[in-house]
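The block underneath contains the structure these notes are about, expressed in structure tokens.
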Amino acid sequence: YQACLADPLVTLETNRTVISVDERPKSIMVDCADGTRYDCNMVVAADGLWSSLRKFVHDDGAPLSVGYVTYR
Numbered sequence: 708y709q710a711c712l713a714d715p716l717v718t719l720e721t722n723r724t725v726i727s728v729d730e731r732p733k734s735i736m737v738d739c740a741d742g743t744r745y746d747c748n749m750v751v752a753a754d755g756l757w758s759s760l761r762k763f764v765h766d767d768g769a770p771l772s773v774g775y776v777t778y779r
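Numbered according to the numbering used here, the sequence shown spans residues 708 to 779.
Here it is as structure tokens:
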């Protein structure tokens, strides 16, 4: 985290509601609910097990639970 903050080539955004992700030939366009739009080289979605962004990349359904562990 600290390394990302120190790197001028990295932009960290938090508390964003992503409404669409469009993969283009040379970039990724990310649209947020507040109207913000990002043209990115890479997107890291670290929004947890119930990720809302996962469906834009790999829609493999809901996590599976076997009682003591939940996984995809």
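Using N, Cα and C, we set each Cβ at its ideal position, and we do this for glycine too.
How close, in whole Å, do the beta carbons of V725 and V737 come, if the pair is a contact with beta carbons under 8 Å? 6 Å
Item to complete: Quick one: residues in its chain with C-beta nearer than 6 Å to the C-beta of G755, no 5 flanking neighbours on either side, listed in chain order?
Response: none
* Asked: In whole angstroms, what is the alpha-carbon distance linking P770 and S759?
  -> 12 Å
Next on the checklist: Rounded to whole angstroms, what is the Cα-Cα separation between C747 and G768?
Outcome noted: 26 Å
**Prompt:** Looking at the unbroken beta strand (DSSP E) that takes in R744, where does it start and where does it end?
**Reply:** In the DSSP assignment, R744 falls within the beta strand (DSSP E) that extends over R744 to C747.
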